[in-house]
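*Asks:* 0 is the number of the first residue of the sequence shown in numbering that gives the first Met the number 0; add one for each residue after it.
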Amino acid sequence: MFDIGHMHLLASTTNLGATKAGQTIKSLVTNTGGWVAGLGIPAGGLMIGYHAIMRNLSGGEAATDAHHLQAMKKVLVGTAIVAGAGGLAHFAGGLF
C-alpha cells in the first residue's frame, strides 16, 4: 500500500509543537482561550445583573418583567457557550 519512500517521509516529519512556530501557535491559542473565558464570564455576569436590576425597577409591569427574565436566560446560555468555547480553545492549545 505504501512504498518505502512514503514510510520514510512519515517517519522523518518533525513535530509541529517542537518548532518555534508551533510554540507560538500553542501560546496564541492557549492565551486566546484564557482571554475569551476570562472576559466572557464576567461580562455575562454584568449583563445578568443589569437585567435583574432593570426587572426590579420596572414597577411590576408584566411585559417588562417577562422581557428581562427572558434576556437573563439568553445571557446565561450565551455565557455558558462562551465559557465552553474558551475552555475548548485552551484545551486545543495544549494539543500542540
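Just so you know, even glycine gets a beta-carbon here, dropped at the ideal spot from N, CA and C. Please read all numbers here as calculations on a predicted model, not as lab measurements.
Is T31 helix, strand or coil by DSSP?
*Replies:* The residue given as residue 31 occupies position 32 in the sequence shown. Here T31 sits in helix by DSSP.
*Asks:* Any contact of the segment 77-88 with the segment 54-61, i.e. 3+ C-beta pairs under 8 Å?
*Replies:* Touching, no.
*Asks:* Going by C-alpha to C-alpha distance, which of H50, V76 and A20 sits closest to D64?
*Replies:* For the purposes of this step, residue 64 is identified with residue 65 of the sequence shown, where counting begins at 1. It is H50.
*Asks:* Starting from the C-beta of T31, find all residues in its chain whose C-beta is less than 6 Å away, skip the five residues before and the five after it, and write them out in chain order.
*Replies:* Along the sequence shown, one-based indexing puts residue 31 at 32. Only A88 meet the Cβ criterion.
*Asks:* Does the Cβ of G39 have 16 or more other Cβ atoms within 10 Å, making it buried, or fewer, making it exposed?
*Replies:* If you number the sequence shown from 1, residue 39 lands on position 40. By the neighbour-count rule (16 or more Cβ atoms within 10 Å), G39 is buried.
*Asks:* So A79 is in the alpha helix (DSSP H); what residue range does that whole segment cover?
*Replies:* Position 80 of the sequence shown holds residue 79. Per DSSP, A79 belongs to the alpha helix (DSSP H) from A61 to G92.
*Asks:* Assuming V74 and M46 are in contact, meaning their beta carbons sit under 8 Å apart, how far apart are those beta carbons, in whole angstroms?
*Replies:* Start at 1 with the first residue of the sequence shown, and residue 74 comes out as number 75. Start at 1 with the first residue of the sequence shown, and residue 46 comes out as number 47. Rounded, the Cβ-Cβ distance is 5 Å, consistent with contact.
*Asks:* Mind checking T18: buried by the 16 CB within 10 Å criterion, or exposed?
*Replies:* Counting from 1 along the sequence shown, the entry for residue 18 is found at position 19. Exposed: under 16 other Cβ atoms inside 10 Å.
*Asks:* Between I80, N14 and G93, which has its C-alpha nearest A36's C-alpha?
*Replies:* On the sequence shown, residue 36 is found 37 positions in, with the first residue counted as 1. Of I80, N14 and G93, the residue nearest in Cα terms is I80.
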